Amino acid sequence: MLEIVTIAALTDNYDFLVHDPASGRTAVVDAADPAPILDALTERGWTLDEIWLTHHHWDHVEGTAGLVEATGATVTGAKTDQHRLPPLTRMVEPGQSFTFADHEVEVLAADGHTVGHVAYYIPSSKTLFTADSLMALGCGRLFEGTPEQMWETLSRFATLPDDTVVYSGHEYTASNARFARTIEPENTALQARAQAIEIARQNDEPTVPSLLSLERATNPFLRANLPEVKEALGMTDASDVEVFTEIRARKDSF
C-alpha cells in the first residue's frame, strides 16, 4: 500500500509525497517549494526519485529545479505543456500510463484551469491527484480553458470509484464551502461538511484530501447536472455545461 504525505507549502499550496514501502521509491506531485519537501523526506528517511508535475503555474513548479539539484529526481509532465514546464525527463499524454514501483499511474486530461493540465490516478490505491482542476468543494478558476473543457474534466473524474481519494492543490475549502451553501443551502451533507471544515481549520488541520463520494454529494461544480441544482438556480431546462458555467461565474464574483 502506498503512503501519501500531504505537505503544506507557500501560503495555501499542497504538494504530496507518494512512497512505496516495498521498493523504497518516492515521488512528489508538484513542487511549490523544495524546503518543506526535503524536510519531509529527511524526517522519514526517504529518497526522492520522481517529480510529477500537473501544470505550468509557478506555484506548482517553482521548487522543481531545487529538488532536482538536491536529489537527482526525474521529472514527469505533459508533453503538450513542455514548453512551459521545467525540463522534463519523461513526457506523458492523457490516456497514457507509466509505472511507479509496481503501481500503474494513469495520466488523465484535466484541461480547464489551464490547457495542458493533467491529473494522475493510481488505481491500485484509488488515489487521484487533481491539483487545480477538481478541488475540495470547488474547481480551479478558468484561466486558459473553457467551461466545456472543465466540465468534461470533472465529468471524467466523476466516473471513478466512490472511494477514490482526491488530492487537490490548495487549501481553499472554507471559502469554497461558504460559496457552495449559496447554491444549495438546503443540502444537509453540505451543511455537515461545512461544519467539519470550520472545526478543522480552527485547529489548523488540512481539509485535503477528500473522498470523491463526498465531492459528489457536496461540490456544486460536480453537481451541475442534477435536477435539484438546476432548479435551485432557476435553470431547469439548461444544459449541464450552461449550469456549470453559471456556477463558475458566480464563484468568480463571490
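Be aware that the sequence shown starts at 0, since it is given in numbering that gives the first Met the number 0, and climbs by one per residue. Think of the CB as a built atom: it goes at the ideal place given N, C-alpha and C, for glycine as much as any other residue. It should be emphasised that the depicted structure is a prediction, and the values quoted were computed from it without experimental measurement.
*Cβ atoms of T63 and A39: under 8 Å apart, would you say?*
Taking the first residue of the sequence shown as 1, we reach residue 39 at position 40. Taking the first residue of the sequence shown as 1, we reach residue 63 at position 64. Not a contact, by the Cβ cut-off of 8 Å.
*Neighbourhood of T255 by C-beta, 6 Å cutoff - its chain only, sequence neighbours within 5 removed*: This structure leaves residue 255 out entirely; the chain is present only between 0 and 253.
*To the nearest angstrom, report how far apart A223 and G23 are at their CA atoms.*
For this step, residue 223 is matched to residue 224 along the sequence shown. For this step, residue 23 is matched to residue 24 along the sequence shown. Straight-line measurement puts the Cα of G23 at about 42 Å from the Cα of A223.
_Less than 8 Å between the C-beta atoms of E183 and A248, yes or no?_
Translated into positions along the sequence shown, residue 183 becomes position 184. Translated into positions along the sequence shown, residue 248 becomes position 249. The answer is no: Cβ separation not under 8 Å.
*Any chance you could list the beta strand (DSSP E) runs of at least 3 consecutive residues sitting entirely within the stretch 16–47, in chain order?*
As far as the stretch 16–47 is concerned, its whole beta strand (DSSP E) runs of at least 3 residues are 25–28.
_Below 8 Å on the Cβ atoms is my contact criterion, and I expect E214 with L221 to pass it. Report the Cβ-Cβ distance as a whole number of Å._
Numbered from 1 along the sequence shown, position 215 holds the residue referred to as residue 214. Numbered from 1 along the sequence shown, position 222 holds the residue referred to as residue 221. For a cut-off of 8 Å, the C-beta gap from E214 to L221 is around 5 Å, short enough to register as a contact.
_Cβ distance (whole Å) where A77 is taken to contact E61 below 8 Å_ = As a position in the sequence shown, residue 77 is number 78, starting the count at 1. As a position in the sequence shown, residue 61 is number 62, starting the count at 1. So it is not a contact: roughly 17 Å between Cβ atoms.
*Might you give, ordered along the chain, the residues of its own chain that have their beta carbon closer than 6 Å to the beta carbon of E2, omitting 5 neighbours on each side?*
Here residue 2 refers to the residue found at position 3 when the sequence shown is read from its first residue. Contacts found: H18.
*Are G115 and M149 touching if we call contact CB-CB under 8 Å?*
As a working note, residue 115 is residue 116 in the sequence shown. As a working note, residue 149 is residue 150 in the sequence shown. No, the Cβ-Cβ distance between G115 and M149 is not below 8 Å.
*If you draw a straight line from the C-alpha of H54 to the C-alpha of L141, how long is it?*
Residue mapping note: residue 54 aligns to position 55 of the sequence shown, counting from 1. Residue mapping note: residue 141 aligns to position 142 of the sequence shown, counting from 1. Going by the C-alpha atoms only, they are around 13 Å apart.
*Can you give the beta carbon distance from A26 to W51, rounded, assuming they're within the 8 Å contact cut?*
Position 27 of the sequence shown, counted from the first residue, corresponds to residue 26. Position 52 of the sequence shown, counted from the first residue, corresponds to residue 51. So it is a contact: roughly 6 Å between Cβ atoms.
*Would you say the beta carbon of S154 comes nearer than 7 Å to a heavy atom of the ligand SAM?*
Looking at this structure, you won't find the ligand SAM or any other ligand, since it has none at all.
*Start and end residues, beta strand (DSSP E) containing R89*: Position 90 of the sequence shown, counting from 1, holds the residue named residue 89. That run of the beta strand (DSSP E) goes R89 to V91.
*Sequence-distant residues of its chain with Cβ nearer than 7 Å to L47 (five each side left out)*: Sequence index remark: in the sequence shown, residue 47 carries index 48 (1-based). Counting only Cβ-Cβ distances below 7 Å, and skipping sequence neighbours, we find T25, V27, L40, L66, T70 and A72.
*Give every residue of the same chain whose Cβ lies closer than 7 Å to the Cβ of R180, excluding the five residues on either side of it in the sequence, and list them in chain order.*
Position 181 of the sequence shown, counted from the first residue, corresponds to residue 180. Hits under 7 Å: L189 and A193.
*Can you list, in chain order, the residues of its chain whose CB lies under 6 Å from that of I196, leaving out five sequence neighbours each side?*
For the purposes of this step, residue 196 is taken as the residue at position 197 of the sequence shown. Cβ neighbours of I196 within its own chain (closer than 6 Å, five residues either side excluded): T172, A173, A176 and T206.
*Cα separation between S123 and M0?*
Indexing the sequence shown from 1 puts residue 123 at position 124. Indexing the sequence shown from 1 puts residue 0 at position 1. Distance between the alpha carbons of S123 and M0 is about 8 Å.
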